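Residue numbering for the sequence shown follows the working numbering, beginning at 3 and increasing consecutively.
Each residue gets a CB set at the ideal place from its N, CA and C atoms; glycine is no exception.
Remember, it's a predicted structure, so these values are computed and weren't measured experimentally.
Notes follow the structure.
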Amino acid sequence: MGEVGRVISWRYHVVSLVAVVLAFGLGILAGTSVLDDRFVRELERNNRQTRQERDAAEAVANLYERFAVGLQPTLRDGVLVGEEAVVVTLEGVDGPVQRAVDELTAGGVDVLATLELTRSLAEPEIEENAAALESVLGVPGSDPEALRDEVADALAVRLAVGSLSEEDDVLGELLAEGLVTADRDLEPEALLGIGGDGQLVVIAGGGSPPDGFPEPDTLLVPLTERLIRLDVTTAGVGPTEDDYGFVAAIRDANGIPDCSMVIVDDIDLVIGGIALVMALDRFLNDADPEVRPGGDYGIGGDSIVPGADEPPESCRR
């Protein structure tokens, strides 16, 4: 099913593009008499054929989407009961977050909080941002690159090991300064419960950011790399249409070995939510010591869902 779904998706896009180009060409030819009628008729025939193929591909894609909906109760619902997760995103590219939360919740995960990192964290070149970060992190006089590294390190360690006290909690300070926001009021006890051994971290980002928006490599990718280095079960998700390119960036990152995390590039689709839950379950319960338990799933991944294809050789330890 995975290969068919991928072929259908790409075929649909290609056929649609061809149909548009042909229609544009016909529009031009309609106003000229340079070419003979036979050539025009051939173009019209090709245009009809491509539109028919597009419609057929869309119908099959819709069929597989309905098929995936029917599989949700078996492959997703309640699969991860007992697990806890924190969802992390960046202000301005937080479109996929609610989908990720919904899919995790349906899978039985207790989502403790959604943390939104503000643009200020990714833009320490701005003097006001730098001053706030230096104060929270205790690193006065740092240059912007060093501050970005400090932010990624501090957040990753906090999510990996948690915090023992309110007085020395970098996440609490970032929240108090408005550099990080949460989707709920985090009382001291709830805040101390965020982060620590065994919690999942799902980083979501994608969509169409405004001009001049910080690239994924400025904060989200370094944070992901450090979480993996600290052995945190980490997932990165994005939508099928993604001008921001977070998933593409973590796929290309040198500091993220293949299958060291879960990657899903179609979280906006039903099958993407299924893939996220199935992949996290596999990550947590796969006992094969020779293969890293993560995987790259979705339209542009190694397979649509776990088990649709064999893991690539690059996933071997």
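ask   = Under 8 Å between the Cβ atoms of E86 and Q201?
value = yes
key: Beta-carbon proximity of A156 to V172, cut-off 8 Å   = yes
inquiry  = I273 and I265 - do their beta-carbons sit closer together than 8 Å?
reply    = no
Exposure label - V234; buried when at least 16 CB within 10 Å = buried
ask   = Just curious, the alpha helix (DSSP H) that A87 is in, first and last residue?
value = Looking at the DSSP string, A87 is not in any alpha helix (DSSP H); the run it does join, the beta strand (DSSP E), is E86 to L92.
ask   = So is I128 buried or exposed if we call it buried at 16+ other beta carbons inside 10 Å?
value = exposed
key: Alpha carbon of L19 to alpha carbon of V203, nearest angstrom   = Bear in mind that the predicted position of L19 carries a pLDDT of just 43, short of 50, making it unreliable; the figure below should be weighed with that in mind. So the alpha carbons of these two residues sit roughly 38 Å apart.
request  = Could you check the C-alpha separation between A25 and R40 for me, to the nearest Å?
outcome  = Because the pLDDT of A25 is 49, which lies under 50, any placement of that residue in the model is unreliable, and the number read from its coordinates should be weighed accordingly. So the alpha carbons of these two residues sit roughly 17 Å apart.
task = Using the Cα positions of E292 and A255, report the straight-line distance between them to the nearest angstrom.
result = 22 Å
request  = Note down the Cα distance separating G109 from A132, rounded to an integer number of angstroms.
outcome  = 39 Å
ask   = Alpha carbon to alpha carbon, what distance is there between A162 and L229?
value = 7 Å
request  = Within the region 148-220, note down every full alpha helix (DSSP H) run reaching 4 residues or more, in order along the chain.
outcome  = 172-178 and 190-194
request  = Return the CA-CA distance between E227 and Q74, expressed in angstroms with no decimal places.
outcome  = 31 Å
query = Per DSSP, what kind of secondary structure is T242 in: helix, strand or coil?
reply = coil
ask   = Nearest to R294 by CA position, among G302, L222, I301 and R284, is which residue?
value = R284
ask   = What does a CB cutoff of less than 7 Å around G97 pick up in its chain, not counting 5 residues either side in sequence?
value = G208, G209 and P241
request  = Say whether the region 166-182 touches the region 112-124, bearing in mind that this needs 3 or more beta-carbon pairs closer than 8 Å, one atom from each stretch.
outcome  = yes
query = By the 10 Å Cβ neighbour count, where 16 or more other Cβ atoms means buried, how is T116 classified, buried or exposed?
reply = buried
message = Using C-beta distances below 6 Å, list every residue in its chain close to D79, excluding the 5 sequence neighbours before and after it, in chain order.
response = A108
query = The beta strand (DSSP E) spanning A115 covers which residue range?
reply = D112 to L119
query = Using DSSP with H/G/I as helix, E/B as strand and the rest coil, what is I273?
reply = helix
ask   = Who does A281 pair with in a DSSP beta bridge?
value = None, per the DSSP bridge assignment.
key: DSSP three-state assignment for I128, whether helix, strand or coil   = coil
ask   = Where does A237 fall in DSSP's three states?
value = strand
ask   = Leaving out five residues before and five after D244 in sequence, what residues of the same chain have Cβ atoms less than 6 Å from its Cβ?
value = G208
ask   = At what residues does the alpha helix (DSSP H) containing I265 begin and finish?
value = Looking at the DSSP string, I265 is not in any alpha helix (DSSP H); the run it does join, the beta strand (DSSP E), is V264 to V266.
ask   = Should P308 and M280 be called a contact, given that it needs their Cβ atoms to be closer than 8 Å?
value = yes
task = Look at the alpha carbon of A184 and the alpha carbon of V223, and state the distance between them as a whole number of angstroms.
result = 20 Å
message = Is the separation between the beta-carbon of A192 and that of V239 shorter than 8 Å?
response = no
request  = Look at the alpha carbon of H15 and the alpha carbon of Q51, and state the distance between them as a whole number of angstroms.
outcome  = No answer about H15 holds up, because its pLDDT of 48 lies below 50 and its placement is not dependable.
Span of the beta strand (DSSP E) around D298 = G297 to Y299
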